[in-house]
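Read in order, the letters of the sequence shown are residues 136 to 338 in our numbering. Built from N, CA and C at the ideal position, the CB exists for glycine as well.
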Amino acid sequence: MSDTTQSPIKFTDLARDAVLRFADMGGDSSPAVRIQVSSPSPLDPRYEITLIDDQEKCEEDLVFGQQGFEVVMDPESAKLLDGASVDWVESLQQSGFKVENSNLAPIGSKPLEGPLADRVQQVIEQYVNPGVAQHGGHVTLVEVRDKIVYLQMGGGCQGCGMASVTLSQGIERILKEQVPEIVGIEDVTNHSAGDSPYFTSEK
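Encoded structure:
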């Protein structure tokens, strides 16, 4: 376990007050908060923030001092949370901690730019969309991140029961042939909103 002074993550005053309030309710005079990235997927990043005891700290943990409490993170979470902030948000429906983390920004939140994105866009316009247009559909490039292409299907493709087959056997093959440095392709379409969804989210 390593004690450091400069925390990679910032707590707002509201978040800090919430931590101290929960710690006081539990009778903890020296609170420690573990922050963990439980799911690093940019499609659905998730975080866990919990009060812990000293015996719950691990040897590899990094410990950072805050005003009134310690922040404990495993090394991988510390890397992913570098520069992030934690806020406390209250609404009529719910209240809780909210993590703002540009390292795991949601797909589509960044502008399409760079030579790889330009090449993928050209392939979609030249080879992919003319084919799917015959079935009333179109494919939109949402983002290219870490050499993974994120696509959204629209028109006849959205909700189509053959959408997964179209992606894996057609679009993916074309893109990887034309842009071989691509390492993966993800469909971020909400197919449950189409006429014949092949997948309905349980969330």
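Name the residue from the options whose alpha carbon lies nearest to the alpha carbon of residue i.
i           : options            : result
residue 257 : 226, 309, 223, 269 : 309
residue 192 : 314, 213, 169      : 169
residue 146 : 183, 166, 221      : 221
residue 225 : 307, 319, 153, 314 : 153
residue 123 : 252, 203, 306, 253 : Look at the range of the chain in this structure, 136 to 338, and you will see that residue 123 is not part of it.
residue 177 : 285, 183, 227, 311 : 285
Indicate whether residue i and residue j have their beta-carbon atoms separated by less than 8 angstroms.
i           : j           : result
residue 143 : residue 239 : no
residue 274 : residue 212 : no
residue 324 : residue 287 : yes
residue 316 : residue 282 : yes
residue 149 : residue 166 : no
Between which two residues does the beta strand (DSSP E) holding residue i run?
i           : result
residue 277 : 272–280
So is residue i buried or exposed if we call it buried at 16+ other beta carbons inside 10 Å?
i           : result
residue 278 : buried
residue 160 : exposed
residue 331 : Its pLDDT being 36, under 50, residue 331 is placed unreliably by the model, and nothing is read from it.
residue 141 : exposed
residue 276 : buried
residue 92  : Outside the displayed span of the chain (136 to 338) sits residue 92, for which this structure offers no information.
residue 201 : buried
Bridge partners for residue i per DSSP, in chain order?
i           : result
residue 222 : 233
residue 185 : 169
residue 284 : 279, 320
residue 289 : 273
If you follow the alpha helix (DSSP H) that residue i is in, where does it begin and where does it stop?
i           : result
residue 312 : 307–313
residue 154 : 148–160
residue 266 : 264–267
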